[in-house]
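Under this note's numbering, the first residue of the sequence shown is numbered 77, with each subsequent residue one higher. Glycine included, C-beta positions come from ideal geometry on N, C-alpha and C. None of these values were measured; they are calculated from a predicted model. Note sheet for the following structure.
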Amino acid sequence: METLPFENAVEETKDEVVGWRRFLHENPEVSFHEKETARFVYEKLESFGGLELSRPTRTSVMARLLGGKPGNTVALRADIDALPITEENSFEFASKRPGAMHACGHDGHTAMLLGVAKILSSMKEDISGEVRFIFQHAEELMPGGAEEMVENGVMDGVDAVIGIHLWASLPTGTIGLAYGPMMGSPDVFRITIKGSGGHAAMAYKTVDSIAVGSQVVTNLQHVVSRNISPMENAVLSVTRFEGGTTHNVIPGSVEMEGTVRTLDPEVRKQMPELMERVIKGVTEAHGASHDLEYNFGYRPVINDDGVTRVVEETAKDTFGDDAIELQRPTMGGEDFSAYQQKTPGTFIWVGAGNEEKGIVHPHHHPRFTFDEDAIPIGMRMHLEAAVRLL
Ligand code: NI
């Protein structure tokens, strides 16, 4: 294995990268609207020289670095979008745009990958194979940007793909890795229960959609607890229940929404049918009827063992054995899974929480931020892993 002097390069570049992160943080754009962000990324990449640039979609950017020696093709992915949240932080680079905020660290991902592209483009002749930099739009909004990127060919000819997420639940200095399933598939459903409304004092003359709907919510819990093996993982949450207008009228219908999270594609496939059976049974028993709308979201993130092993060894050699924390899966969703359908890959948590600095708010919180000391760690991780996989 060749070694390249990444430690110094990262040290020299990191202040500039922090500057880019702060600029992006101040100027957030929500999913599918990342026009200026993509332009910023494109212009920076162009200024490094030696990269072949393209725009796979309206608000995304891809850069190819064709090294001077033969080798594999490795893709590194950053998501670039912000969330529709009004920021409550008061630091000087807080969002200038009410209703938009980088509350998940994607500003950091974008800046880090730009830094990595800058460093690698200056070492072009020493690189074996191709490094592909993927600046993806719309991670936060289904159907997600990754699927579109894949459809537009960004994974063609790629041998391995890596995604990094700065992760505030892990302290700075920690690298979180997982073999196999890492994140769930965030599927969503909407249910309408149709009864027939009437006077609340003469409920026997109605089909009470609220009473039936409540039974549906309760019975849906049996799908996970009694139809799915305890060795498998699934969560079913009803998160919205709406109906009625006042105290003396039984409404004709109620509507609910919710999410199903699973890790196993087989379990995932069964869920709509299991739900349909329960909803149908409960509503028919009470003379009501129903509608179930079920939409599959991102696929589960399932990491490739081979790529993960290389990344684990790289992380141990770079940061020491103690930095590595093997993770249990979470039920959060990530459209990184779209790339993994095409190419073996792994998703990496780079710890970015820091209690001493007061960096304690969770992702998607209006006071979220991450520890900028994690930026050089994330850059190193990208660089070292890419070179090993080439
Ligand atoms: Ni995120």
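Note the first and the last residue of the continuous beta strand (DSSP E) segment covering ALA154. 145-155
What does the alpha-carbon distance come out to for the pair HIS182 and ARG385? 25 Å
Going by the C-beta, is GLY271 closer than 8 Å to any heavy atom of the ligand NI? no
Proximity below 9 Å, CB of VAL237 to CB of THR419: yes
Under the criterion of a Cβ to heavy atom distance below 8 Å, does GLY181 qualify as lining the ligand NI? yes
Could you name each continuous alpha helix (DSSP H) segment of 4 residues or more that falls completely within the region 332-394, going from the start of the chain to the end? 341-361
Does the ligand NI have even one heavy atom less than 8 Å from the beta-carbon of GLU215? yes
Tell me the residue span of the alpha helix (DSSP H) that contains VAL94. 82-102
Check whether the Cβ of ASP447 lies closer than 8 Å to any heavy atom of the ligand NI, and answer yes or no. no
Look at SER285 and VAL330 and say whether their C-beta atoms are less than 9 Å apart. yes
I'd like to confirm something about HIS441: is its beta-carbon nearer than 8 Å to some heavy atom of the ligand NI, or not? no
Answer yes or no: the CB of HIS241 versus the heavy atoms of the ligand NI, is any distance below 8 Å? yes
Quick test of the definition: if touching needs 3 or more C-beta pairs under 8 Å, does the region 263-275 touch the region 356-371? yes
Would you report the Cα separation of GLY256 and ASN379, rounded to the nearest angstrom? 5 Å
Going straight from the alpha carbon of LYS120 to that of TYR374, what length do you get? 30 Å
Just confirm the distance between the C-beta atoms of ASN228 and LYS172, as a whole number of angstroms; I'd bet it's less than 8 Å. With 8 Å as the limit, ASN228 and LYS172 do not qualify as a contact, their Cβ atoms being about 31 Å apart.
Taking contact to mean 3 or more Cβ pairs, one atom from each stretch, closer than 8 Å, check whether the region 84-93 and the region 132-149 are in contact. no
To which residues of the same chain is ARG98 closer than 7 Å at the C-beta, ignoring the five residues directly before and after it? PHE169
Please report the distance separating the alpha-carbon of ARG353 from that of MET347. 10 Å
Which whole-angstrom value describes the C-beta separation of PRO438 and ALA244, a residue pair presumed to lie in contact below a C-beta threshold of 8 Å? 7 Å
Endpoints, the alpha helix (DSSP H) within which LYS270 is located: Here LYS270 belongs to no alpha helix (DSSP H); instead the beta strand (DSSP E) covers 261-270.
Touching by the beta-carbon criterion (3+ pairs, under 8 Å), the region 316-333 and the region 278-297: yes
Beta-carbon proximity list for VAL117, same chain, < 8 Å, skipping 5 on both sides: VAL137, ILE156, THR186, LEU190, PHE211
Does at least one heavy atom of the ligand NI sit under 8 Å from the Cβ of GLU105? no
Does the beta-carbon distance from LEU465 to ASN148 come in below 9 Å? yes
What is the rounded straight-line gap between the Cα of ARG131 and the Cα of ALA450? 28 Å
How about GLY221 and HIS213: are their beta carbons less than 9 Å apart? yes
With H, G and I counted as helix, E and B as strand and the rest as coil, what does DSSP make of PRO132? coil
Please determine whether the Cβ atom of ASP155 lies at a distance below 8 Å from any heavy atom of the ligand NI. yes
Residues that VAL137 bridges to, as DSSP identifies them: PHE211
Along the beta strand (DSSP E) that carries ILE286, what are the first and last residues, could you check? Unbroken run through ILE286 is the alpha helix (DSSP H), 285-298; no beta strand (DSSP E).
The alpha helix (DSSP H) with GLU227 in it runs from where to where? 221-227
Anyone know if the C-beta pair for GLU239 and THR445 falls short of 9 Å? Just to set this straight, residue 239 is Gly in the shown sequence, not Glu. The answer is no: Cβ separation not under 9 Å.
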